[in-house]
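Numbering (the working numbering), first residue to last: 6 to 217. C-beta atoms are modelled at their ideal positions from N, C-alpha and C, and glycine is treated no differently. Note that the structure is a prediction, hence the values are computed from the model and not measured. To start, the structure itself, in structure tokens.
Dropping the structure here:
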């Protein structure tokens, strides 16, 4: 005889504390998935912008013309913005040290934008299993606490309480695992993006050094 796990029934049969734990974990899971998709879309767009701008940059021999084209754009992001502020500073002071500083400042600002919401994913990945474990411990305490009132005990009496308790742990892992994978994956992509920013800054400074 097979047994089908009915999550909904387990939720409504659970104690108030375990229900609250499940609701919190479901809320964290839904929010995490929203942030996961948000980071995926954002980082994919940034990577595409890097590829397009580098192709555009190295196919244009005249930096002045490229600067004029970028200047006309209302919104400058990523490498475009780094290039723009760098060359703008170069036109003002011709100091390569100043150019490098402003380009690095813009890179750091971009890094802050790229890492947005990752702290939440990291926190969810860390605490969700413990929240689920708390629900499990509480549920098991309730299950065994109820045994004190019974004269005859069997597995059929204890099993429902233990099942509802273990669902909390499963839900905690279900919430934590995607958040952890997305966090590590996003950090890896951000590191590659920042490496591209750093490499472009160095290459651009070499071009300016030759120009001057």
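When the distance is taken between beta carbons, is residue 104 closer than 7 Å to residue 87?
Looking up residue 87 in the chain shown gives position 82. Looking up residue 104 in the chain shown gives position 99. No, Cβ-Cβ distance for residue 87 and residue 104 is not below 7 Å.
Would you kindly report the start and end of the unbroken alpha helix (DSSP H) that includes residue 115?
As a working mapping, residue 115 is identified with position 110 in the chain shown. Unbroken alpha helix (DSSP H) run through residue 115: 101-119.
Starting from residue 37, trace the alpha helix (DSSP H) both ways and give me its first and last residue.
Position 32 of the chain shown, counting from 1, holds the residue named residue 37. Start and end: 21-63.
Please report the Cβ distance between residue 18 and residue 116, rounded to the nearest whole angstrom; I am assuming they are in contact, meaning their Cβ atoms lie under 8 Å.
By one-based count along the chain shown, residue 18 stands at place 13. By one-based count along the chain shown, residue 116 stands at place 111. With a Cβ gap of about 48 Å, residue 18 and residue 116 do not count as contacting.
Tell me where the alpha helix (DSSP H) around residue 1 begins and ends.
An answer regarding residue 1 cannot be provided, because it is not within the stretch 6 to 217 covered by the chain.
List the endpoints of the continuous alpha helix (DSSP H) containing residue 87.
Counting from one through the chain shown, the residue named residue 87 turns up at place 82. It spans 83-98 - the alpha helix (DSSP H) in which residue 87 sits, taken as one unbroken run.
Drop a sphere of 10 angstroms on the beta-carbon of residue 184, count the other beta-carbons inside from all chains shown, and report buried for 16 or more, exposed for fewer.
Taking the chain shown and counting its residues from 1, one reaches residue 184 at position 179. Here residue 184 is buried, its C-beta having at least 16 other C-beta atoms within 10 Å.
Flag residue 118 as yes if its beta-carbon sits less than 7 Å from any beta-carbon of chain C, otherwise no.
Although the question refers to chain C, the structure presented lacks it and comprises just one protein chain.
Just verifying my parser: in three-state terms, what is the DSSP assignment at residue 214?
Here the question's residue 214 lines up with position 209 in the chain shown. Residue 214: helix per DSSP, three-state reduction.
With residue 122 and residue 43 assumed to form a contact (beta carbons below 8 Å), what rounded beta-carbon distance in angstroms separates them?
The sequence position of residue 122 within the chain shown is 117, counting from 1. The sequence position of residue 43 within the chain shown is 38, counting from 1. Between residue 43 and residue 122 the Cβ distance is about 6 Å, and since that is below 8 Å, they are a contact.
Let me make sure I understand the geometry here. Which of 89, 124, 129, 113 has the alpha-carbon closest to that of residue 248?
Since the first residue shown for the chain is 6 and the last is 217, residue 248 is missing from the structure and cannot be characterised.
In the structure shown, what three-state DSSP assignment does residue 79 receive?
Here residue 79 refers to the residue found at position 74 when the chain shown is read from its first residue. The answer is coil: DSSP assigns residue 79 none of H, G, I, E or B.
Are residue 206 and residue 30 touching if we call contact CB-CB under 7 Å?
By one-based count along the chain shown, residue 206 stands at place 201. By one-based count along the chain shown, residue 30 stands at place 25. No.
So, are the CB atoms of residue 174 and residue 199 less than 7 Å apart?
Translated into the one-based positions of the chain shown, residue 174 becomes position 169. Translated into the one-based positions of the chain shown, residue 199 becomes position 194. No, they are not a contact pair.
Rounded to whole angstroms, what is the Cα-Cα separation between residue 54 and residue 76?
Mapped onto the chain shown, residue 54 falls at position 49. Mapped onto the chain shown, residue 76 falls at position 71. Spanning the two alpha carbons is a distance of roughly 16 Å.
Work out the CA separation of residue 21 and residue 79 for me, nearest whole Å.
Position 74 of the chain shown, counting from 1, holds the residue named residue 79. Position 16 of the chain shown, counting from 1, holds the residue named residue 21. In a straight line, the C-alpha of residue 79 is about 54 Å away from that of residue 21.
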